[in-house]
Amino acid sequence: MATALRAAILTRKIEPGDKLPSQNELAERYGVSRMTIQQALRVLKDESLVVSRQGSGVFARERTEKPVGLRPHIEKAFEADEVSIDFLGYTAETLHGAIAEPLDKIRAGRLTPKSIRIRILVSDMTQPLALPVAVDGVERDSAAARARMADLSTRYIGGVTDAVQELADLGLVPDATVETRRFAGAPMFKAYVINSADAFFGYYPVVKHDVRTAGSQVSIYDPMGKDTVLFHWTDDGDIEAVDTQFVIETRNWFDSVWNTIAVEDAK
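As numbered in my numbering, residues 15 to 281 make up the sequence shown, in order.
Structure follows, in structure tokens:
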């Protein structure tokens, strides 16, 4: 039974992100017992081919690529009464773009969350870091590259903060906050935890390219957010499932950094 479902998923007869038929429907379709279907789904879950979501069903796992894959999950998250997003990354550019549409829907009255809490954890670009760094190793050039990145980060984080605060000021969301903290770690990967249930994780590829800083062109090694491939895990309440454990550990890791070595942005 697992073989038939596995083939359907791998040959994309069941597309990534599609909801599988109910266990009763699968049992009838394949002429087997419901217990056999349950066993097959457990095998596919262990192989990371499907994910179950409490109250929703079983879905073929998505391999989420780039911001376009993340955005629908963030938009869906804003349908909840209480919205929470924890973001770890480089500049928050992707987050800034991904929340634009749901915030517009709140302004239009099409979404009505009671609370929004966004926590942003980014690297402290005022300190020497492994990335971004000048290819020539000259600290002056590395500092200029970090300053450039700090400006981008400030721009996108400021955009997120202002947009969410506006909703609170207009009385559209009773409780809306955005907090930012920075820590002295190079940006090697990005992660999102959405509504405490879905985690997205991906490594930043390190590339060499030229940027213009302080009126001159500098070759730097830079983590490229646009080339990051994100992978998706869901906490479905099964404490023994790898997905659930990954989401829990991602939440715990984020909190541990947030509450210890991360420093709040100056007001």
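For each residue, glycine too, the CB sits at the ideal point set by N, CA and C. The structure displayed is predicted, hence computed values, not measured ones.
Within the DSSP bridge table, the entry for V261 names no partner. Rounded to whole angstroms, the separation of the alpha carbons of V174 and P201 is 20 Å. Ranking D165, L166, Q141 by CA distance to the CA of R154 puts Q141 first. Taking a cut-off of 8 Å on C-beta distances, the stretch 156-170 touches the stretch 100-108, as three or more cross pairs fall below it. Taking C-beta atoms as the reference points, W247 and L135 fail to come closer than 9 Å.
Secondary structure at P237: strand, using DSSP grouped into helix, strand and coil. Within the DSSP secondary-structure output, K204 pairs in a beta bridge with G216.
When the Cα atoms are used, E115 and L55 turn out to be separated by approximately 35 Å. Secondary structure at V187: coil, using DSSP grouped into helix, strand and coil. In this structure, S98 keeps its C-beta atom at 9 Å or more from the C-beta atom of R67. Within the model, the alpha-carbon separation for L24 versus G229 is close to 51 Å. Taking C-beta atoms as the reference points, V149 and K204 fail to come closer than 9 Å.
Counting the other Cβ atoms within 10 Å of the Cβ of S70 gives fewer than 16, which makes it exposed. Buried is the label assigned to L117, since at least 16 other Cβ atoms lie within 10 Å of its Cβ. In this structure L125 is buried. Its beta-carbon is surrounded by 16 or more other beta-carbon atoms within 10 angstroms. In this model, V232 and V225 are separated by some 5 Å (Cα to Cα). Residue pairing of G103 in beta bridges, as defined by DSSP: V136. For S230, the secondary structure class from DSSP, reduced to helix, strand or coil, is strand.
Between E278 and R160, the CB-CB gap reaches or exceeds 9 Å.
Minimum Cα-Cα distance from V65 among the listed residues F197, F245, D236 corresponds to F245. The way I'd put it, the stretch 208-223 doesn't touch the stretch 30-40; fewer than three beta-carbon pairs between them come closer than 8 Å. With 16 or more neighbouring CB atoms inside 10 Å of its own CB, A158 falls in the buried class.
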